[in-house]
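**Student:** I'd like to ask you about the structure that follows.
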Amino acid sequence: MNGPGLSKGAPIMANAAAVSSGRGQIHSTAREGLLLRLRDSLRVSSAAMSRALIVLAGESFLDDDVRAFAEADVRLIAADGGAKTLLSVGIQPQVVIGDFDSLSDSTRAALTTQEVIHDPDQDATDFEKALGHAVRNLGAQRVVVLGAEGDEPDHLLAALSAALARSEHADIRFVLRRSIVHVVRGPVKRTFATFNGARVSLIPLVPTDVRQTDGLEWDIDGTHLSLGGLISISNRAIAPEFSLSLGVGALAVFVERGDEPPW
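When you read off a place in the sequence shown, starting at 1, and then add 925, the result is the number in the working numbering.
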């Protein structure tokens, strides 16, 4: 099967990929509205859902994102050099964890953080250590990750792999400059808030059976997705939300950012 919104191997269907770069840009007023709603949606009782924000050292991030998420009622964790990211916008992390190979002496001296966890394990990335601490020790049920983008895309792939390993225990989302990436493990049915016309890509982290989709321009019901086989890229939302029903498998669901709360 190979229809609009699907790609087998390298080729990408032209009509599914025809989302202009201009449509993907976010106007400042829309972003301000989004950030306010993100902040308000996170300000809920910790008894309702334990939340953690993990900040990485990726260079591609928006200061407004860091401030908006850090102001919310969440546990704030810096993975090694992510501490510098937070300090650069005047925010102290509650927890700093990692092997500290990218934590400079000046950054270390500027920290007033009480919980500084040195973990020299070289078989785990600093993000894996931070995520493990958030889920296992803090009991976080939802984890938002900032700073995963940068000039080393292999780090983002490694972070998605680590998130997959913890996805049975927490709802994990990566906030990128232009997308929210949801790590979704099946079997499950999930609904995603978005906006009409938003670009949506479904990237299989492992071979995945998509049972049904609703609210997307190109339905891919009954499709088996896998790396090296069919993937769904540059699909498009046709409503303020869309839903996926998955069988066995796991997806990285990329949803274009806009004037909507991603949860």
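For glycine and all other residues, C-beta sits at the position ideal for the given N, C-alpha and C. These numbers come from a predicted model, not from an experiment.
Measuring CB atoms only, is the stretch 1076-1091 touching the stretch 1046-1066, in the sense that at least three cross pairs come out at less than 8 Å?
**Tutor:** The stretch 1076-1091 is in contact with the stretch 1046-1066.
**Student:** Considering only their Cβ atoms, is the gap separating GLY1075 from LEU1082 smaller than 9 Å?
**Tutor:** Position 157 of the sequence shown, counting from 1, holds the residue named residue 1082. Position 150 of the sequence shown, counting from 1, holds the residue named residue 1075. Cβ distance not < 9 Å, so LEU1082 and GLY1075 don't count as in contact.
**Student:** Who does PHE1167 pair with in a DSSP beta bridge?
**Tutor:** Along the sequence shown, read from residue 1 onward, the residue named residue 1167 stands at position 242. Bridge partners of PHE1167: PHE1117.
**Student:** Report the rounded CA-to-CA distance for VAL1109 versus GLY1072, giving the unit in angstroms.
**Tutor:** Looking up residue 1109 in the sequence shown gives position 184. Looking up residue 1072 in the sequence shown gives position 147. Straight-line Cα distance between these residues: approximately 20 Å.
**Student:** Beta-carbon within less than 8 Å of ALA972's beta-carbon, same chain only, minus the 5 sequence neighbours each way: which residues are those?
**Tutor:** Mapped onto the sequence shown, residue 972 falls at position 47. Any reading at ALA972 needs caution, since the residue's pLDDT is 40, under 50, leaving its predicted position unreliable; the model's value is listed next. Correct list: empty, nothing qualifies.
**Student:** Within the stretch 1022-1077, note down every full beta strand (DSSP E) run reaching 3 residues or more, in order along the chain.
**Tutor:** Segments of the beta strand (DSSP E) lying fully in the stretch 1022-1077: 1040-1043, 1067-1071.
**Student:** Alpha carbon to alpha carbon, how far is ARG976 from VAL1180? Give it in angstroms, no decimals.
**Tutor:** Position 255 of the sequence shown, counted from the first residue, corresponds to residue 1180. Position 51 of the sequence shown, counted from the first residue, corresponds to residue 976. Using only the alpha carbons, I get a separation of about 21 Å.
**Student:** Does ASP990 come within less than 9 Å of chain D when only Cβ atoms are used?
**Tutor:** The displayed structure is made up of one protein chain only, and chain D is not part of it.
**Student:** Give the DSSP bridge partners of THR1148, in chain order.
**Tutor:** Taking the sequence shown and counting its residues from 1, one reaches residue 1148 at position 223. For THR1148, which the question treats as bridged, DSSP gives the partners VAL1135.
**Student:** Could you check how far apart the C-beta atoms of THR1133 and LEU1150 are, in whole angstroms? I think they sit under 8 Å.
**Tutor:** Residue 1133 sits at position 208 when you count from the first residue of the sequence shown. Residue 1150 sits at position 225 when you count from the first residue of the sequence shown. Rounded, the Cβ-Cβ distance is 5 Å, consistent with contact.
**Student:** Which of the three DSSP states is assigned to HIS1080 in this structure?
**Tutor:** Taking the first residue of the sequence shown as 1, we reach residue 1080 at position 155. Looking at HIS1080 - three-state DSSP - the assignment turns out to be helix.
**Student:** To the nearest angstrom, report how far apart ILE1145 and SER1126 are at their CA atoms.
**Tutor:** As a position in the sequence shown, residue 1145 is number 220, starting the count at 1. As a position in the sequence shown, residue 1126 is number 201, starting the count at 1. If you take the alpha carbons of ILE1145 and SER1126, they lie about 12 Å apart.
**Student:** Identify whether VAL1125 lies in helix, strand or coil by the three-state DSSP scheme.
**Tutor:** By one-based count along the sequence shown, residue 1125 stands at place 200. In this structure, VAL1125 counts as strand in the three-state DSSP scheme.
**Student:** What does DSSP give as the partner residue(s) for GLU1181 in the beta ladder?
**Tutor:** For the purposes of this step, residue 1181 is identified with residue 256 of the sequence shown, where counting begins at 1. The partner list for GLU1181 (beta bridge, DSSP) reads SER1104.
**Student:** Mark LYS1009 as exposed unless 16 or more other C-beta atoms lie within 10 angstroms of its C-beta, in which case mark it buried.
**Tutor:** As a working mapping, residue 1009 is identified with position 84 in the sequence shown. Buried: at least 16 other Cβ atoms inside 10 Å.
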